[in-house]
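Numbering (this note's numbering), first residue to last: 17 to 615. Note that CB positions come from ideal geometry on N, CA and C, so glycine has one too. Written out below as structure tokens is the structure these notes cover.
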């Protein structure tokens with residue numbers, strides 16, 4: 017309910033640096049007198065703060081730490097909004113979305129509460145310690161009371177949303193399960209159930225396979241060259257540059273050309289002497305590198321030499337010179353398949369690198385927009401923020417154009433080498449596909465319901481980086497091409513587990529809301545009884561009248577809740593995935609009946 021607990025708010029003694037120690041003190045004081053046996057702790061850096069917490073609790077005085085601290089079953093998670101700033105391991109192991117039993121809790125309540133307290137700061141900063149604490153305590157009490165009197169409407173809104181979303185995600189999960197082979201579904205179900213029961217160490221949401229990258233492919237090619245030399249199979253046409261090195265250097269020159277072209281366009285034609293000097297030096301340096309590389313290239317691709325003799329390259333800037341890599345020359349010349357294979361492998365890895373860079377820069381620009389909205393005030397700070405955002409956006413555009421260039425080359429090489437199925441992961445990149453995690457058909461949608469661009473769903477052939485959610489329309493497309501390849505099996509396993517997690521979280525939300533409604537009514541009745549007892553024992557007329565008024569207020573709140581929630585059980589019993597309190601959550605069918613023919 018986002019309440020402020022007793023002895024759970026305190027002042028940081030020396031700023032934010034010793035925050036972890038001070039929060040540990042508040043944590044122990046908060047759970048000392050009252051705590052359930054099962055506890056979920058939400059903290060921005062819970063992945064670090066929770067380490068050796070039991071051992072650290074022994075260093076605190078016994079009057080602060082509850083004797084039950086070692087008996088509590090505590091789960092440490094990172095709030096949803098803060099989770100994307102963490103590493104991939106944290107996003108998997110500390111996610112509210114993937115943890116059973118938490119429903120649709122986002123864990124951001126400790127952060128949201130400060131928005132209501134910020135206006136008080138202008139007054140409390142002038143107060144002494146005692147007055148300041150009394151004032152904050154009064155405001156926290158009012159904050160809790162406003163939550164209590166609005167529970168009949170806030171919980172009802174959550175029920176209405178949870179019922180609809182439960183049906184949607186349960187149907188999606190069952191549809192995905194039905195599109196998979198029955199044996200695969202049985203294996204996935206056993207795997208995830210064992211992990212949730214604590215009998216399986218390996219997290220089914222995580223991939224253990226190393227990611228492919230251009231650097232790793234270059235290392236593989238170098239090792240292959242070493243092995244060929246040791247077997248006396250290598251017949252180099254150049255003393256120091258092997259065919260794989262030639263192609264790798266050509267791709268580096270292509271990247272330098274693209275960067276120089278972008279910089280030249282940004283500078284424009286009105287150059288100062290210093291700018292003109294630097295640009296001329298860069299062009300001269302790049303042209304010398306290209307000419308030296310072309311001399312070696314003609315040893316491995318002799319047909320290119322005659323083509324260059326006939327071509328007029330005078331007056332052409334180096335950023336416009338043709339490199340004639342195998343992908344460029346495949347349509348005109350006969351290409352050595354080995355050279356084409358080298359370029360294919362490097363460009364395929366480079367395509368995944370470009371997608372990873374786009375994703376990384378999109379995360380950065382998203383964070384910069386948030387910081388700008390929160391912190392940038394005035395023309396100077398806003399101008400600086402906009403300039404920084406434009407710089408990051410230019411890097412995103414460069415990586416996107418580089419990806420498109422790579423993909424065009426892969427299309428040409430794929431036809432030459434008869435490569436298949438690679439376009440399932442390296443799709444055509446449109447401008448609308450280059451969007452952040454929280455952008456899409458509905459920019460306000462959260463993790464459990466949003467539709468992501470395909471760039472966030474693409475595995476780096478062997479990596480689970482940022483694979484958060486696939487749109488329901490992609491499930492069948494994704495599976496139609498699944499074969500026995502290990503990487504694809506891992507990808508579909510992770511997506512199936514996350515589809516199951518989404519369905520379960522919404523089912524849990526419906527169960528938790530029903531249970532909370534029962535407890536809210538019990539709470540109002542309990543408080544009404546307390547005030548009735550106080551009224552009957554009050555010694556003054558004023559105290560007696562005040563107590564009866566408070567008792568009447570609780571009775572009214574209970575009537576409001578009863579009236580507002582009278583149709584909730586019937587509503588939650590409808591739709592796909594309806595489950596009673598204490599019932600079993602939905603699972604994929606482990607057997608299928610054969611379709612019957614017409615009578």
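- prompt: Rounded to whole angstroms, how far is the Cβ of residue 606 from the Cβ of residue 205, which I believe are closer than 8 Å?
  reply: Start at 1 with the first residue of the chain shown, and residue 606 comes out as number 590. Start at 1 with the first residue of the chain shown, and residue 205 comes out as number 189. That pair is a contact at about 7 Å.
- request: Check whether the Cβ atoms of residue 523 and residue 595 lie closer than 7 Å to each other.
  value: Here residue 523 corresponds to residue number 507 of the chain shown, with the count starting at 1. Here residue 595 corresponds to residue number 579 of the chain shown, with the count starting at 1. Result yes, Cβ atoms of residue 523 and residue 595 sit closer than 7 Å.
- prompt: How long is the line joining the alpha carbons of residue 282 and residue 276, rounded to whole angstroms?
  reply: Here residue 282 corresponds to residue number 266 of the chain shown, with the count starting at 1. Here residue 276 corresponds to residue number 260 of the chain shown, with the count starting at 1. Near 10 Å, if we compare the C-alpha coordinates of residue 276 and residue 282.
Whole beta strand (DSSP E) elements within the segment 243-297, 3-residue minimum: none
- prompt: For residue 90, does the three-state DSSP call read helix, strand or coil?
  reply: Counting from 1 along the chain shown, the entry for residue 90 is found at position 74. Residue 90 falls in the strand class under three-state DSSP.
- prompt: Candidates 155, 128, 127, 126: which alpha carbon is nearest residue 140's?
  reply: For this step, residue 140 is matched to residue 124 along the chain shown. The shortest C-alpha separation from residue 140 is found at 155.
message: Nearest by alpha-carbon distance to residue 234: which of 565, 360, 164 is it?
response: On the chain shown, position 218 is the one that residue 234 refers to. Checking every option, the nearest Cα to that of residue 234 belongs to 360.
query: Whose CA, out of 257, 571, 375, 295, lies closest to the CA of residue 445?
result: For the purposes of this step, residue 445 is identified with residue 429 of the chain shown, where counting begins at 1. When only C-alpha atoms are compared, the closest one is 375.
- prompt: By a C-beta neighbour count over all protein chains shown, 10 Å radius and 16 as the cutoff for buried, is residue 512 buried or exposed?
  reply: What you label residue 512 is simply residue 496 of the chain shown in a count that begins at 1. Buried, by the Cβ-count rule.
message: Here's the rule: buried if 16 or more other CB atoms are within 10 angstroms of the residue's CB, otherwise exposed. What is residue 398?
response: For the purposes of this step, residue 398 is taken as residue 382 along the chain shown, with counting starting at 1. Looking at its Cβ environment, which holds fewer than 16 other Cβ atoms inside 10 Å, residue 398 is exposed.
- prompt: Just the Cα atoms here: how many angstroms apart are residue 47 and residue 372?
  reply: Translated into the one-based positions of the chain shown, residue 47 becomes position 31. Translated into the one-based positions of the chain shown, residue 372 becomes position 356. C-alpha separation (whole angstroms): 42 Å.
field: Beta-bridge partners of residue 55, as assigned by DSSP
entry: Reading the chain shown from its first residue, position 39 is the one you call residue 55. BP columns for residue 55 point to 90.
task: Go ahead and pull the three-state DSSP assignment for residue 147.
output: In the chain shown, residue 147 corresponds to position 131, counting from 1. In this structure, residue 147 counts as helix in the three-state DSSP scheme.
field: Straight-line Cα distance separating residue 232 from residue 486
entry: Sequence index remark: in the chain shown, residue 486 carries index 470 (1-based). Sequence index remark: in the chain shown, residue 232 carries index 216 (1-based). Note that residue 486 scores 28 on pLDDT, short of 50, meaning its location in the model is unreliable; the coordinates nonetheless yield the value given after this. Between residue 486 and residue 232, the C-alpha separation is close to 28 Å.
message: Here's the rule I'm using: 16 or more other beta-carbon atoms within 10 Å means buried, otherwise exposed. How should residue 567 be labelled?
response: Indexing the chain shown from 1 puts residue 567 at position 551. By the neighbour-count rule (16 or more Cβ atoms within 10 Å), residue 567 is buried.
N- and C-terminal bounds of the alpha helix (DSSP H) containing residue 409: Your numbering for residue 409 matches position 393 in the chain shown. Residue 409 -> alpha helix (DSSP H) spans 394-433.
- prompt: Rounded to the nearest angstrom, how far is the Cβ of residue 62 from that of residue 90, given a contact under 8 Å?
  reply: Locating residue 62 in the chain shown gives position 46, counting from the first residue. Locating residue 90 in the chain shown gives position 74, counting from the first residue. Incorrect: roughly 10 Å between the Cβ atoms, too far for contact.
message: Quick check on the burial criterion: 16 or more other C-beta atoms within 10 angstroms. Buried or exposed for residue 406?
response: Residue 406 sits at position 390 when you count from the first residue of the chain shown. So residue 406 counts as exposed.
- request: Determine the direct distance from the alpha carbon of residue 28 to that of residue 144, and round the result to whole angstroms.
  value: Residue numbering aside, residue 144 sits at position 128 when the chain shown is read from its first letter. Residue numbering aside, residue 28 sits at position 12 when the chain shown is read from its first letter. If I take the Cα positions, the gap works out to 16 Å.
- request: Could you name each continuous alpha helix (DSSP H) segment of 4 residues or more that falls completely within the segment 308-343, going from the start of the chain to the end?
  value: 318-326
field: Contact with chain D by residue 103, beta-carbon distance below 7 Å
entry: Included in the structure is just one protein chain, with no chain D present.
field: Boundaries (first-last residue) of the alpha helix (DSSP H) holding residue 133
entry: Reading the chain shown from its first residue, position 117 is the one you call residue 133. Start and end: 125-133.
field: Identity of the residues DSSP links to residue 111 by a beta bridge
entry: Position 95 of the chain shown holds residue 111. Answer is 94, bridged to residue 111.
- prompt: Can the beta-carbon of residue 75 be found closer than 7 Å to that of residue 515?
  reply: On the chain shown, position 59 is the one that residue 75 refers to. On the chain shown, position 499 is the one that residue 515 refers to. No. Outside cutoff.
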